[in-house]
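Everything in the sequence shown is counted per the numbering used here, starting at 56 for the first residue and increasing by one.
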Amino acid sequence: MSVIIVFALLAALLGDPVNGCIKYACTEDEIILLTDRIKYNDRWLTCSYFAKPGRDCPCWLTENRGDKCWDMAHAADGKCFRGKCYNKYAYDHLTKDQRINTASPCPGAHDYLFNSRGAFGCKYYCKKSPHKIVNRPDGHQCLNPSTAHPGGCYGGNCHKNYLWKD
């Protein structure tokens, strides 16, 4: 009975409810196909990424300890327009009498560019190699990186005001 409970807990923590895969860290010999990664003002939007984001069950890697990043936990909500995240007032003003492009340029790859509140900024990776960085559709909900707190990467997460020193 206890073995079943432990397995159920592990599956809940590690499993992907969409396709049932188990997420795992990449081995050091993994070939990294995602060489160009999304930044905002020279800081990472996330401290973890998938080496081969087009796979159905890719392994993950982390940025280096202390790398500059944006802590998106309390970033303001917004909407995308032409690849940038704007607050509701600015979005409504900018899009008045404008043609809105709501089509996705390509299916999205697996990434860590979101949390329970929404997408980090207005860029994403195409699923098909070479995993081009493209704009999210106009009107897509986003968390605005310009309102996020600066931080540092540690353990695959961005920590607000974290500075690593030797």
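Quick reminder that beta carbons are idealized off the backbone N, C-alpha and C, glycines included.
A distance below 7 angstroms between beta-carbons, with the five flanking residues on each side excluded, links G109 to the following residues of its chain, in chain order: A164, K182, K183, S184 and H186.
Here D111 is exposed, its C-beta having fewer than 16 other C-beta atoms within 10 Å. For Y217, no beta strand (DSSP E) encloses it, and the DSSP letter there is neither H nor E.
Ranked by Cα distance from L100, the options C213, L218, Y217 and W219 are led by C213. Nearest to L88 by C-alpha distance, out of D97, F105 and N96, is F105.
Here W125 is not near A174, since their CB atoms are 7 angstroms or more apart. Closest by C-alpha distance to G206, out of D147, D122, T117 and D84, is D122.
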